[in-house]
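Structure record follows, encoded as C-alpha cells.
There are 2 protein chains.
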Amino acid sequence: MKLTAVIMAGGKGERFWPKSRANYPKQFLSLTADGETMIQKTVRRLKNLVAKQDIYIITNQEYLYLVKNQLPDLPKENIIAEPCPKNTAPCIGLASCMIQKKYQDAVMLVLPSDHLIHAEEIYLNTLKQAVAFAEKGENLITLGIMPTYPETGYGYIKYLHDSSQDGIYGVECFVEKPDLETAKNYLNSKKYLWNSGMFIWKASSILNNIKKYMPDLYTGLQPIANAYGTENFEKILIENFPDLPAESIDFGIMEKAENIYTIPSSFGWDDVGNWLALERINATDNQGNLFDGDIISVDTRNCTVCADNKTIALLGLDNLVIVDTPDALLICDKNSTQDIKKVLAEIRKQEKFNLL
Amino acid sequence: MKLTAVIMAGGKGERFWPKSRANYPKQFLSLTADGETMIQKTVRRLKNLVAKQDIYIITNQEYLYLVKNQLPDLPKENIIAEPCPKNTAPCIGLASCMIQKKYQDAVMLVLPSDHLIHAEEIYLNTLKQAVAFAEKGENLITLGIMPTYPETGYGYIKYLHDSSQDGIYGVECFVEKPDLETAKNYLNSKKYLWNSGMFIWKASSILNNIKKYMPDLYTGLQPIANAYGTENFEKILIENFPDLPAESIDFGIMEKAENIYTIPSSFGWDDVGNWLALERINATDNQGNLFDGDIISVDTRNCTVCADNKTIALLGLDNLVIVDTPDALLICDKNSTQDIKKVLAEIRKQEKFNLL
Chain A
0 MKLTAVIMAG
10 GKGERFWPKS
20 RANYPKQFLS
30 LTADGETMIQ
40 KTVRRLKNLV
50 AKQDIYIITN
60 QEYLYLVKNQ
70 LPDLPKENII
80 AEPCPKNTAP
90 CIGLASCMIQ
100 KKYQDAVMLV
110 LPSDHLIHAE
120 EIYLNTLKQA
130 VAFAEKGENL
140 ITLGIMPTYP
150 ETGYGYIKYL
160 HDSSQDGIYG
170 VECFVEKPDL
180 ETAKNYLNSK
190 KYLWNSGMFI
200 WKASSILNNI
210 KKYMPDLYTG
220 LQPIANAYGT
230 ENFEKILIEN
240 FPDLPAESID
250 FGIMEKAENI
260 YTIPSSFGWD
270 DVGNWLALER
280 INATDNQGNL
290 FDGDIISVDT
300 RNCTVCADNK
310 TIALLGLDNL
320 VIVDTPDALL
330 ICDKNSTQDI
340 KKVLAEIRKQ
350 EKFNLL
Chain B
0 MKLTAVIMAG
10 GKGERFWPKS
20 RANYPKQFLS
30 LTADGETMIQ
40 KTVRRLKNLV
50 AKQDIYIITN
60 QEYLYLVKNQ
70 LPDLPKENII
80 AEPCPKNTAP
90 CIGLASCMIQ
100 KKYQDAVMLV
110 LPSDHLIHAE
120 EIYLNTLKQA
130 VAFAEKGENL
140 ITLGIMPTYP
150 ETGYGYIKYL
160 HDSSQDGIYG
170 VECFVEKPDL
180 ETAKNYLNSK
190 KYLWNSGMFI
200 WKASSILNNI
210 KKYMPDLYTG
220 LQPIANAYGT
230 ENFEKILIEN
240 FPDLPAESID
250 FGIMEKAENI
260 YTIPSSFGWD
270 DVGNWLALER
280 INATDNQGNL
290 FDGDIISVDT
300 RNCTVCADNK
310 TIALLGLDNL
320 VIVDTPDALL
330 ICDKNSTQDI
340 KKVLAEIRKQ
350 EKFNLL
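Taken in order, these protein sequences are the chains called A and B. Take the first sequence: its position 96, counted from the start at 1, is 95 in numbering that gives the first Met the number 0, and no numbers get skipped. Take the second sequence: its position 214, counted from the start at 1, is 213 in numbering that gives the first Met the number 0, and no numbers get skipped.
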C-alpha cells in the first residue's frame with residue numbers, strides 16, 4: 000500500500016520567544032548547532048521512508064512562504080494552508096480526505112513538524128513496524144516514548160504491557176500532564192509512555208473513526224474533499240474550513256476509539272518544548288553552559304545563552320536563559336521558563352505588538 | 000585669600016563597563032535620572048563657591064575633548080592634560096605649582112570629578128568651614144564622611160574625636176579598606192570616617208609638605224612650574240611629567256605629614272564606585288528594581304537594568320545588574336560587581352580591544 004506522510008506545521012511558537020515570533024514559530028528555527036531547522040529535520044528524516052511527492056505539509060496561511068522557502072524541493076501543491084487554526088482533528092481530517100481522494104487509500108504517517116529525534120535509524124524502523132501493523136486492519140497506532148525521567152510537561156499513555164503483538168501493545172488510556180509525584184510513579188511503574196503525538200494509520204481507518212466519533216467534522220469535510228484536485232479547492236477550503244469543529248485528535252478520536260495501539264519506543268525523542276530543551280539536545284560545556292555567539296563568561300554556570308550581534312559578558316551567574324535578538328532580549332531564570340507566556344501577555348498589555 | 004578648585008578627572012572607568020570605556024570613563028557618564036554627567040555635577044556644585052575662572056580640571060590627554068565638550072563655559076586654559084597617568088600626588092603637585100605661580104598663594108579645594116553629593120548646601124557650608132581653617136595656617140584638611148553602613152570598599156580615617164576645634168578634628172591615622180567585621184567595628188566605634196578623597200589647603204601648605212616628604216616630586220615639578228604661563232608650558236610638561244614619581248597624595252603626604260585635620264561630614268556623599276551604587280543614588284520601585292529604558296518585568300526583584308535600543312524582558316530574576324550598549328551587554332550578579340575587572344581581563348585576553 001502507498002505510504003504517505005502528513006506533517007503538521009501550524010503551531011505557534013510562543014515558548015521560544017524572542018527567537019520565535021507569531022510569524023516565525025519554532026518549527027522554522029534551528030535550535031541545534033547544525034543550522035538545520037526543525038521542519039527541515041522532520042522532512043529529511045522522512046525522505047528515507049516516503050517519496051517527496053507523497054509528503055504533505057499542513058500549515059497555516061501565515062507560514063506558507065516559510066514552508067516553501069525552507070522546503071523548496073517539496074511539490075508546491077503538497078503544501079496546504081489552513082485558513083485558520085482549528086487544532087489537530089480538522090487538520091488530520093483534511094489531510095486524510097485528500098490522501099483518500101488521491102490514492103483511494105494509503106497509510107499515513109502523521110507527525111509534528113517541530114520535534115527532535117536522535118536515533119534516526121531506530122525511528123525509521125519503528126515507523127516501518129507501525130506501517131505494517133496499520134496496513135493489517137483498522138488500527139490506529141500512536142508512538143509512545145519510554146520515559147527516561149519524570150517529565151511533567153507531557154501527556155502519558157497507559158499501555159497494556161502484557162498484550163504485546165511483536166512489540167505493539169494495546170492502549171488502556173491516555174492521561175493528562177501529571178504532577179511531579181505522579182510522573183515519578185509513572186516512571187517507576189513502567190506502564191506509562193510519553194505521548195509523542197505521532198500517529199500511523201490508513202486514511203480509511205481514521206476517516207471511519209472520524210465518521211463515527213466526530214460526525215460533524217466528517218460532514219463538514221465532505222465539500223472540501225470533493226473539491227480537492229479541482230481549481231475550486233482553495234475557494235471551497237476557505238469557505239468551509241472555518242466552520243469545522245476545533246478539537247484535538249487525541250480528545251476527539253484517540254481517547255474514544257477502539258483498536259488503539261502503541262509502540263513503546265526509544266529513539267531519543269524530544270519535543271523541544273521550551274528553552275530548557277536546548278541543554279538536552281546540545282552538548283553543554285564542563286560548567287553546564289550552552290553558548291551560541293560571542294560570549295565572555297566569568298564565574299558562570301548552567302546558563303544557556305544565544306547572542307545576536309553583540310558581545311554578552313556574564314559575571315557570577317547561575318541557571319539563566321539569555322536570548323538576544325535585534326529588537327528584544329530575554330533574560331529568564333531556568334525555573335521560570337514555563338512562564339514565558341506571562342511575558343507575552345505583558346507585551347500584549349503594553350500593545351508592543353511588533354515584538355510578538 | 001583667593002579660593003580655587005582643582006578637579007581631578009583623569010580616572011579610568013572600568014567599574015562601569017560596558018557603559019564606561021577606556022575612552023569614556025565614569026566622570027563623563029550620567030548615572031542619575033537628570034541626565035547631568037558626574038563632572039558636570041561636580042563643577043555646577045562648586046560654582047556657588049568658586050568663580051569659574053578659578054576652577055581647574057586636571058585630566059589626561061585622552062579625555063581633553065570630553066572635558067571641553069561637557070564643560071564648555073570653563074576657560075580652556077584651565078583644563079590641563081597630564082601626558083600620562085601618575086596617580087594623585089603629581090596631579091595635585093602640578094596644580095599647586097600652577098596656582099602658586101598665578102595667585103602667589105590661594106586656598107585650593109582638591110576634589111574628585113566623579114562623586115555624588117545629595118545635600119549640596121551642607122556640602123558647601125562644610126567646604127567654607129574647611130577653607131577658613133586652611134587659611135589660618137599650614138593645615139591639610141580632608142573631608143571625612145560619617146559612615147552610615149559598614150562599607151568595605153572605602154579607606155577610613157581614624158580621627159581624634161575629643162580634639163574638636165569648632166567641628167574640625169585632628170587625624171590619628173588613615174586605614175586601608177577593612178573586611179566586613181572590621182568595618183562593623185569602625186561603624187559602631189564612631190571613631191572612624193570614610194576617606195572621601197576631598198582635600199582643602201593652601202597651595203603653599205601642600206607644596207611645603209611635598210618639598211619635605213616627596214622631595215623628588217618637588218624637584219621634578221620645578222621646571223614645569225617655571226614654564227607655566229609661557230608658550231613653552233605644554234612642551235615642558237610633556238617632557239618632564241612622565242619622570243615624576245607615581246604616588247598617591249594619601250600615601251605620599253597625608254599619612255606622613257603633621258597638621259592633618261578632618262571635618263566629620265554628613266552631606267549624602269557617594270563615590271558611585273560600581274553598578275551597585277545606582278540603587279543608592281536613584282529611587283527603586285516597590286520590587287527593588289531600578290529600570291532605565293524599555294523593560295518588561297515579570298516576577299523580577301532587586302534588578303538594576305539599563306536598556307539601550309531594544310526591549311529587555313526579565314522573567315523570574317533576582318539581584319542582577321543588566322547593562323546593554325550597542326556593542327556589549329553585561330549581565331552580572333550583584334554579589335559579583337566587584338569582579339568586573341575579571342571580565343575586562345578576559346576581554347584583553349581575547350584581544351577584543353574595541354570593547355574596552
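Yeah, the Cβ is synthetic: ideal placement off N, Cα and C, and Gly gets one too.
{"Asked": "What first and last residue would you give for the beta strand (DSSP E) that runs through L45(A)?", "Found": "Looking at the DSSP string, L45(A) is not in any beta strand (DSSP E); the run it does join, the alpha helix (DSSP H), is M37 to L45."}
{"Asked": "For K11(B), decide whether its Cβ has a neighbour in chain A, counting only Cβ atoms nearer than 8 Å.", "Found": "no"}
{"Asked": "Do you know how far the Cα of N207(A) is from the Cα of I235(A)?", "Found": "23 Å"}
{"Asked": "Does the count of Cβ pairs from the segment 110-124 of chain A and the segment 238-252 of chain A closer than 8 Å reach three?", "Found": "no"}
{"Asked": "By the 10 Å Cβ neighbour count, where 16 or more other Cβ atoms means buried, how is G166(A) classified, buried or exposed?", "Found": "exposed"}
{"Asked": "Taking the alpha helix (DSSP H) that E134(B) falls in, what are its first and last residues?", "Found": "E119 to K135"}
{"Asked": "Could you check which residue in I54(B), L48(B) and T261(B) has the C-alpha nearest to that of S112(B)?", "Found": "I54(B)"}
{"Asked": "Just to confirm before moving on: does the CB-CB distance between V304(B) and D291(B) stay below 8 Å?", "Found": "yes"}
{"Asked": "Quick check on M213(B): does DSSP put it in helix, strand or coil?", "Found": "coil"}
{"Asked": "With a cut-off of 8 Å, do at least 3 Cβ pairs link the segment 304-319 of chain A to the segment 257-275 of chain B?", "Found": "no"}
{"Asked": "Can you check which of these residues, V106(A), S162(A), P177(A) and L179(A), is closest to S204(A) by C-alpha distance?", "Found": "V106(A)"}
{"Asked": "Is the segment 194-203 of chain A close to the segment 129-142 of chain A, with three or more CB pairs under 8 Å?", "Found": "yes"}
{"Asked": "If you count every other CB in all the chains shown that lies within 10 Å of the CB of G136(A), and 16 or more means buried, which is it?", "Found": "exposed"}
{"Asked": "Going by the beta-carbon positions, is the gap between D332(B) and N318(B) smaller than 8 Å?", "Found": "yes"}
{"Asked": "Which residues, taken in chain order from the segment 327-347 of chain B, show a beta carbon closer than 7 Å to some beta carbon of chain A?", "Found": "A327, L328, L329, I330, C331, D332, N334, S335, D338, I339, K341, V342, E345 and I346"}
{"Asked": "Within 10 angstroms of its Cβ, does Q26(A) collect 16 or more other Cβ (buried), or is it exposed?", "Found": "buried"}
{"Asked": "Buried or exposed: which applies to T58(B), given that a residue is buried once 16 or more other Cβ atoms fall within 10 Å of its Cβ?", "Found": "buried"}
{"Asked": "L354(B) versus chain A: which residues are under 7 Å apart at the beta carbon?", "Found": "T310"}
{"Asked": "Which of helix, strand or coil does DSSP assign to E76(A)?", "Found": "helix"}
{"Asked": "Taking 8 Å as the threshold (beta carbon to beta carbon), is D323(A) in contact with chain B?", "Found": "yes"}
{"Asked": "Is it buried or exposed for P17(B), if we count other Cβ within 10 angstroms and need 16 for buried?", "Found": "buried"}
{"Asked": "Can the beta-carbon of D104(B) be found less than 8 Å from the beta-carbon of A202(B)?", "Found": "yes"}
{"Asked": "Do V271(A) and V109(A) count as a contact pair if the criterion is CB distance below 8 Å?", "Found": "no"}
{"Asked": "State the CB to CB distance for the pair L93(A) and I209(A), rounded to an integer number of angstroms; the pair is presumed to be in contact (CB under 8 Å).", "Found": "Not really, about 11 Å apart at Cβ, beyond 8 Å."}
{"Asked": "Taking V170(B) as the reference, give the member of C90(B), I156(B) and P325(B) with the closest Cα.", "Found": "I156(B)"}
{"Asked": "What residues from chain A crowd round L313(B), counting only those whose CB sits closer than 9 Å?", "Found": "L329, I330, C331 and V342"}
{"Asked": "I believe L192(B) touches Y158(B) by the beta-carbon criterion, under 8 Å. Please report the beta-carbon distance rounded to the nearest angstrom.", "Found": "6 Å"}
{"Asked": "Can the beta-carbon of L2(B) be found less than 8 Å from the beta-carbon of V130(B)?", "Found": "yes"}
{"Asked": "Going by the CB atoms, is the gap between A32(B) and N258(B) shorter than 8 Å?", "Found": "no"}
{"Asked": "Out of S29(A), P24(A) and M97(A), point me to the one whose CA is closest to E61(A)'s CA.", "Found": "P24(A)"}
{"Asked": "Provide the residue span of the beta strand (DSSP E) that contains S264(B), from first to last.", "Found": "I259 to S264"}
{"Asked": "For chain B, check one thing: does any of its Cβ atoms lie closer than 8 Å to the Cβ of K351(A)?", "Found": "yes"}
{"Asked": "Would you mind stating whether L289(B) and T299(B) have Cβ atoms separated by less than 8 Å?", "Found": "no"}
{"Asked": "Which residues in chain B have a C-beta closer than 7 Å to the C-beta of V297(A)? List them in chain order.", "Found": "D338, K341, V342 and E345"}
{"Asked": "Determine the extent of the beta strand (DSSP E) in which M107(B) is found, giving its start and end residues.", "Found": "V106 to P111"}
{"Asked": "May I ask you to report which of helix, strand or coil DSSP gives V49(A)?", "Found": "coil"}
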